[in-house]
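All remarks here apply to the structure that follows.
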Amino acid sequence: MLAEYWPVLLFLLVATGIGVALLIAGSLLGPKRPDAEKLSPYECGFEAFEDARMKFDVRYYLIAILFIIFDLEIAFLFPWAVVFTKIGLIALIEMALFLALLVVGFVYIWKKGALEWE
Amino acid sequence: MTFQLLCFYAFAAVTTLAALGVITLRNSVHAVLCLVLTFFSTAAIWLLAEAEFLAVALVVVYVGAVMVLFLFVVMMLDIKQEPLREGFIRYLPVGIAVAAVMLAEMLALIGVRAMAQVPAPANPAGDSNIAWLGETLFTRFLLPFEIAALILTVGIIAAVALTLRRREGVRHQDPARQVAVDPRTRVRVVKMAAERGQEPAA
Amino acid sequence: MHADLLLAAWTLAKILAISVPLIIAVAMYSYWERKVIGWMHVRMGPNKIGPWGLLQAFADVFKLLFKEIVVPANADKPLFYLAPVLAVAPAFAAWAVIPFDQGVVLANLNVGLLYLLAMTSMGVYGIILAGWASNSRYALLGAMRSAAQVVSYEIAMGMALVCVLVLAGSLNLTDIVNAQAGGKGLLDWFWLPLLPVFVIYFVAGVAETNRAPFDVAEGESEIVAGFHVEYSGSAFAVFFLAEYANMILISFLASVMFLGGWLSPFPASWGLIGQGSWIWLFAKAFAFAFMYLWFRATFPRYRYDQIMRLGWKVFIPITIVWVLVAGCMKYFGWITAGA
Amino acid sequence: MPTLNDILTLLPELYLTGAVCMLLLIDVFLQADQRWVTHWLAVLVLAVTGWLVVSGQPTAPTTAFGGMFVRDGVAEVLKVFALLASGIVLVLSRPYLRDRELHLGEFYTLILFATLGIMLLVSAGSLVMIYLGLELLTLSSYALVALNRDSRLSSEAAIKYFVLGALASGMLLYGMSMIYGATGTLDLGSIRAASATSAHPTLLLFGLVFLIVGIGFKFGAAPFHMWLPDVYQGAPTAVTTFIGSAPKLAAFGMAYRLLDSGMGGLLVHWQEMLAVLAVLSLAIGNIVAIAQKNLKRMLAYSTISHMGYLFLGLANGTPAGYSAAMFYAICYALMATASFGIILALARTGFEAEEIADLKGLNQRSPWFAGLMALAMFSLAGVPPLFGFFAKVLVLKAAIDAGMLWLAIVAILAAIVGLYYYLQVVKVMYFDKPEGEPLRAQVDPSLRVVLSANALALLVLGLWWGPLLAWCQRAFAG
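Protein chains in written order, with this note's numbering: chain A, 1 to 118; chain B, 119 to 320; chain C, 321 to 659; chain D, 660 to 1137.
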């Protein structure tokens, strides 16, 4: 089994290498003439008057949390999809129940308006 | 075989160093990235132990989802680093003591495995253990599986109940309503008789 | 030891045989994009450099390489450089499991589908880090929007993959293609039983790559270029490479999952034309890649609230239902795929 | 493959799951002023679940889903009282929550989910089920504690609870993985069988230590009690009432399943560990409680000391000891609902009634509530002839029977110290002059009825404890 993964590892290294190589090539070939105006962050003509890192709407976190939960459900679905025909009808019912619980949560967030983006 | 062992040590070293980075780096975003690296190299180690599905699932769930949330939170909270570090030295002895106990435990566990000479359970399903894992999960561990769904549902409720709030008095546009405006309700076309204006002076 | 080195070199050669054409494909794709959109706008598109302007893309690459990489004053320098690498690495590494023809695949992983999901989910790091490391408002806003959007559509994509998996019964991509083989040619492919999911998958793929009409993250009329507004020179080129490599990847994946990969659309009984070949796969992928450009030239940009609504309130419910529908199809033998 | 029998064995839990999902869906379609529908439906659901538990109780212990789930007498008793305590909490909380704009549907669904977690936990037949049941319970509890998002104290308490709770879960999980490593099974019965002949006793012991630490955290026993006072004080009182009552039954159930069903072969080892925890809890809980000005905080330290008493019974390691401990857990849950219930009854908009000084002269203002509070305090202190007294006698007897006379002596000394701060509350209510605004108790009739019944039950059960004790003993007899 592991034999199949060496190429993947190597590919990851090569892919990283491509990115790094391009960056290095760019920094070697390109000029380096910094000045204060050039280095100031983009602010449509204004001076940047404070640190750009700011607090965000809590909705973004909520999306991230919901994403984790749904991602976990998907992680459960993968092994199920592989074996459910072997296990039989019970597996289908099981997953229907599992998804039903998920749908209950989904209806809840929907009705609560967590999916509205205003 | 030796190459495999070499890989194991390399990944183990990366895991350890990255984990060290998590607790020592001053910049919290850097620390989170170290944690990502820790998870990633742990996944690689699991892969070396032939736990194929679990390894990739670790990347999908932890690296791909959980750590994204971490990054969101850490990035946006903009934590000031200095006060956080005050307790670090003070609690170091306690931490080391706990770590020592954990190490002893691990050694005990490894010792047991070595003594018992239990070969790592062979891949029961032949080429892939995902089928084996699926079968176990959906037959023997059916009840725990459904309870896991319940826990996830509670997670959804808790997340929404604790974070979502309708802010009063915030004015916002509802673009859908803006777009749905019917011109007939906004513009009145009035018919009137043409008036004769003043002739411009020649 | 000697044999091992030889094997490593051979693998490396195979990897380069995938990556180098991919880089060239990205260059030609960007040329093709400008050409196609030009035609759709009744313009000529690039036509000065090389015959029919074919060398335009390469000229652009060289121009970018010789430009300065401007690092903003308050940027987090290591992360600023790390972000493009993190964007491009998964976009390339995902290609390791794409089967180009029967047996022509770099790594025939048992969990290939999950591996793809893992790689696509890592792409979001490049975006978030680019936005944060730049320390610029526009970049950060763009990054947050983009990350939330990518993450939302990833669920729909993941669910769509599960539907495919249910019918194919294997996470291995070669097996998935073989499960779509049958006597009836294109009627055996998964797009038919999974029609809604097929549409969702490709549309979600467009949103996942932040392309028009879902390109609010870099809607130039509101937040300039989004997360990579501060990137210039070759650092920008790397982001560009990652984005286009991802688009081509999605095109290939849609072909492999739903349109039978290298299988011929004609029944096997039709002789030579009914035989599978990598040409079919490339033709299908080209069609999808063309759709990307067509969308961009045709559709006005979605609003952000519309994008989120589409992802969460339309795609996710449909895919959840279709997972069970596909389960029933498979279980009750309504379709014979994978047999 | 699940059979019909499996489903029937699990019927109360399945019903509760379905009902709470329905309730969640109904609630999101209700307006805020229709929340009473959710309220009474939730109470009804608990009652029906209780009925299902009792009516479907098999004569002999039954397992379902391949030993994952155990339905025996212990589970029955604990479930009935957990459901009862949750029901009491729901009724007592409504006026309090309504005054504070916390009367949310989530409160009900989370309490019901937590109760479901308790039911699964006390019926667990496998380490996985213990962990999942516990997570269901604690995850809901964290969210409940943080329910009042505008309160800094509440959020802080939730964070503390969450961090330490997660740490405890981690410990528990670590211990479980050790035990799994040593025995190669997750099933509690098989673990017990395997532990007797295990070739790796060191590893088992290591696992046991971590289990005990995890249990200690969840009980809130000293020295793992740090989270408890802050959480009790910071959480909205309605939520404190819940986490102070029903989950204690779950904690007992978990300890029983883990230590007796699973690690019964290592009795001699965990007996001593529990004894240490008991002494520390008794000492720290009672002594620190004296210094408290805040009633909720004082009751939190009192909880710690009561967990010490509970451990006395558990450490005995015989059916008699377990039944004494279970009796104590039930007794404590009812005393907690009563005493926190008084705080709920006296609180009103903008006023929490949670300082001991707030109770000054309660007798003049509201003699009935003062009387109920006095009953609860006397019972907590263990004054005869109340419920708490008899429960204490039972666990002391269990400790002496187990040959831990010194432990019993410590417990008696601790009880005498405890008498001081409980009587302090009574003194304040009856002998101090009222200050500030007059206290007005809630007029909600359901609250009055349930609270009165709850407090009077402490008296009635103190006089007429026979049937309850017999029920507890029967549970462990089989």
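A virtual CB, placed ideally from N, CA and C, is assigned to each residue, including glycine.
**Asked** Measuring CB to CB, does C/Glu550 end up less than 7 Å from C/Pro366?
**Response** Numbered from its first residue, the third sequence carries residue 550 of chain C at position 230. Numbered from its first residue, the third sequence carries residue 366 of chain C at position 46. No, they are not a contact pair.
**Asked** Considering only the beta carbon of each residue, do C/Tyr622 and C/Pro533 sit closer than 7 Å?
**Response** As a first step, residue 622 of chain C is located in the third sequence; it is residue number 302 there, counting from the start. As a first step, residue 533 of chain C is located in the third sequence; it is residue number 213 there, counting from the start. A contact, by the Cβ cut-off of 7 Å.
**Within chain A, the residues that B/Glu313 reaches when beta carbons sit closer than 9 Å** = The residue given as residue 313 of chain B occupies position 195 in the second sequence. In chain order: nothing, as chain A lies at least about 47 Å away.
**Asked** Using 7 Å as the limit for Cβ to Cβ distance, is A/Glu94 near chain C?
**Response** Along the first sequence, read from residue 1 onward, the residue named residue 94 of chain A stands at position 94. No, no contact with chain C.
**Asked** So, using beta-carbon positions, are D/Ala1074 and D/Gly1047 closer together than 7 Å?
**Response** By 1-based counting over the fourth sequence, the position of residue 1074 of chain D is 415. By 1-based counting over the fourth sequence, the position of residue 1047 of chain D is 388. Contact flag unset, no.
**Message:** Nearest by alpha-carbon distance to C/Trp511: which of C/Ile640, C/Ile475 and C/Leu573 is it?
**Reply:** Residue numbering aside, residue 511 of chain C sits at position 191 when the third sequence is read from its first letter. C/Trp511 has its Cα closest to that of C/Leu573, out of C/Ile640, C/Ile475 and C/Leu573.
**Request:** Look up D/Phe1010 in the DSSP assignment and give the residues it is bridged to.
**Result:** Within the fourth sequence, residue 1010 of chain D is the residue found at index 351, counting from 1. Answer is D/Arg1007, bridged to D/Phe1010.
**Request:** Anything in chain D within Cβ reach of A/Tyr122, meaning under 8 Å, just list it in chain order.
**Result:** The structure shown has nothing for residue 122 of chain A, since chain A only spans 1 to 118.
**Request:** Please name the residue, chosen from D/Tyr790, D/Val1076 and D/Val696, that lies closest to D/Ala950 on a Cα-to-Cα basis.
**Result:** Indexing the fourth sequence from 1 puts residue 950 of chain D at position 291. Comparing Cα positions, the closest option is D/Val1076.
**Asked** How far does the alpha helix (DSSP H) with B/Ala137 in it reach, from first residue to last?
**Response** Indexing the second sequence from 1 puts residue 137 of chain B at position 19. Start and end: Thr120 to Thr142.
**Asked** Going by Cα to Cα distance, which pick from C/Trp654, C/Met577 and C/Ile448 is closest to B/Val191?
**Response** For the purposes of this step, residue 191 of chain B is taken as residue 73 along the second sequence, with counting starting at 1. Nearest option by C-alpha distance: C/Ile448.
**Asked** From the beta carbon of B/Leu153, is the nearest beta carbon of chain A less than 7 Å away?
**Response** Your numbering for residue 153 of chain B matches position 35 in the second sequence. No, B/Leu153 does not count as interfacial toward chain A.
**Asked** How would you label C/Arg354, buried or exposed, when you count the other beta carbons within 10 angstroms and need 16 or more for buried?
**Response** As a working note, residue 354 of chain C is residue 34 in the third sequence. Per the 10 Å Cβ criterion, buried.
**Request:** Say whether chain A places a C-beta atom closer than 7 Å to the C-beta of C/Phe518.
**Result:** Sequence index remark: in the third sequence, residue 518 of chain C carries index 198 (1-based). False, the Cβ-Cβ gap to chain A never drops below 7 Å.
**Prompt:** Would you call the region 896-908 of chain D and the region 821-836 of chain D in contact, with 3 or more CB pairs under 8 Å?
**Reply:** no
**Message:** Alpha carbons only, please: which of C/Ala527, C/Val482 and C/Leu506 is nearest the one belonging to A/Trp80?
**Reply:** The residue you call residue 80 of chain A lines up with position 80 of the first sequence. For A/Trp80, the nearest C-alpha among the options comes from C/Val482.
**Message:** Using 7 Å as the threshold, is the C-beta distance between C/Ala459 and C/Asn566 below it?
**Reply:** Within the third sequence, the letter at position 139 stands for residue 459 of chain C. Within the third sequence, the letter at position 246 stands for residue 566 of chain C. No, these two residues do not count as a Cβ contact at 7 Å.
**Request:** Round the Cβ separation of A/Met17 and C/Ser554 to the nearest angstrom and send it over; I've been treating them as touching at under 8 Å.
**Result:** Indexing the first sequence from 1 puts residue 17 of chain A at position 17. Indexing the third sequence from 1 puts residue 554 of chain C at position 234. One detail in the question is off: residue 17 of chain A reads as Gly in this sequence, not Met. Not quite, the Cβ-Cβ distance comes to about 14 Å (not below 8 Å), so this is no contact.
**Message:** Excluding the 5 residues flanking C/Phe518 on each side, which residues of the same chain have their C-beta closer than 6 Å to its C-beta?
**Reply:** Mapped onto the third sequence, residue 518 of chain C falls at position 198. Answer for C/Phe518: Trp511 and Phe578, listed in chain order.
**Request:** With a floor of 3 residues, list each beta strand (DSSP E) that falls wholly inside the region 713-785 of chain D, ordered by position along the chain.
**Result:** 721-723 and 728-730
**Message:** Suppose the cutoff is 8 Å on Cβ atoms and the five residues either side in sequence are ignored; what does the same chain contact list for A/Phe84 look like?
**Reply:** Start at 1 with the first residue of the first sequence, and residue 84 of chain A comes out as number 84. Only Ala91, Leu92 and Met95 meet the Cβ criterion.
**Message:** Taking only three categories from DSSP, how would you classify C/Met348?
**Reply:** One-based indexing of the third sequence puts residue 348 of chain C at position 28. Here C/Met348 sits in helix by DSSP.
**Partner residues on chain D for B/Val272, Cβ-Cβ distance less than 8 Å** = Stepping through the second sequence from its first residue, residue 272 of chain B is reached at position 154. Correct list: Leu769, Phe772, Leu795, Leu798, Ser799 and Ala802.
**Prompt:** Between D/Glu1014, D/Ser940 and D/Leu1122, which lies nearest to D/Leu1072 when the distance is taken from Cα to Cα?
**Reply:** The residue you call residue 1072 of chain D lines up with position 413 of the fourth sequence. Here the closest residue by C-alpha is D/Ser940.
**Prompt:** Excluding five sequence neighbours on each side, which residues of the same chain lie with their C-beta closer than 8 Å to the C-beta of C/Trp632?
**Reply:** Taking the third sequence and counting its residues from 1, the one referred to as residue 632 of chain C is at position 312. Closer than 8 Å at Cβ, skipping near neighbours: Ser472.
**Message:** Give me the DSSP bridge partner(s) of D/Val1084.
**Reply:** Taking the fourth sequence and counting its residues from 1, the one referred to as residue 1084 of chain D is at position 425. In the DSSP output, where bridge partners are listed per residue, D/Val1084 has none listed.
**Request:** Below 7 Å CB to CB, which residues in the same chain sit around D/Leu1118 once its five sequence neighbours on both sides are set aside?
**Result:** What you label residue 1118 of chain D is simply residue 459 of the fourth sequence in a count that begins at 1. So the list reads Leu1034 and Leu1045, once near-sequence residues are dropped.
**Message:** What would DSSP say about D/Asn664, mapped onto helix, strand or coil?
**Reply:** Numbered from 1 along the fourth sequence, position 5 holds the residue referred to as residue 664 of chain D. In the structure shown, D/Asn664 sits in a helix (DSSP, three-state: H, G or I).
**Message:** For a contact defined as C-beta to C-beta under 7 Å, what are the partners of B/Gly139 on chain A?
**Reply:** Here the question's residue 139 of chain B lines up with position 21 in the second sequence. Within chain A, no residue comes near B/Gly139; the closest Cβ sits about 18 Å away, beyond 7 Å.
**Request:** Less than 8 Å between the CB atoms is what I'm expecting for D/Leu1003 and D/Leu1066, so what's the real figure, rounded?
**Result:** Position 344 of the fourth sequence, counted from the first residue, corresponds to residue 1003 of chain D. Position 407 of the fourth sequence, counted from the first residue, corresponds to residue 1066 of chain D. 35 Å between Cβ atoms; not a contact.
**Asked** DSSP three-state call for B/Gln235: helix, strand or coil?
**Response** For the purposes of this step, residue 235 of chain B is taken as residue 117 along the second sequence, with counting starting at 1. Interpretation of B/Gln235 is limited by its pLDDT of 49, a score under 50 that renders its predicted location unreliable; the figure taken from the coordinates is listed afterwards. Coil, per DSSP.
**Request:** Check the Cβ-Cβ distances between D/Thr861 and every residue of chain B, and say whether any is below 7 Å.
**Result:** Position 202 of the fourth sequence, counting from 1, holds the residue named residue 861 of chain D. For D/Thr861, the answer is yes, since a Cβ of chain B falls inside 7 Å of its Cβ.
**Message:** On a Cα-Cα basis, can you pick out the residue from C/Val643, C/Val634, C/Met628 and C/Leu613 that is closest to C/Met360?
**Reply:** Translated into the one-based positions of the third sequence, residue 360 of chain C becomes position 40. Comparing Cα positions, the closest option is C/Leu613.
**Message:** Helix, strand or coil, according to DSSP, for C/Val470 in the structure here?
**Reply:** As a first step, residue 470 of chain C must be located in the third sequence, where it is residue number 150. Three-state DSSP puts C/Val470 in a helix.
**Asked** In terms of alpha-carbon separation, which member of C/Met479, C/Ala588 and C/Phe560 lies closest to C/Met348?
**Response** Along the third sequence, one-based indexing puts residue 348 of chain C at 28. Ranking C/Met479, C/Ala588 and C/Phe560 by Cα distance to C/Met348 puts C/Phe560 first.
**Residue-level contact to chain A via CB, C/Phe386, 7 Å cutoff** = Residue mapping note: residue 386 of chain C aligns to position 66 of the third sequence, counting from 1. With 7 Å as the cut-off, C/Phe386 counts as an interface residue toward chain A.
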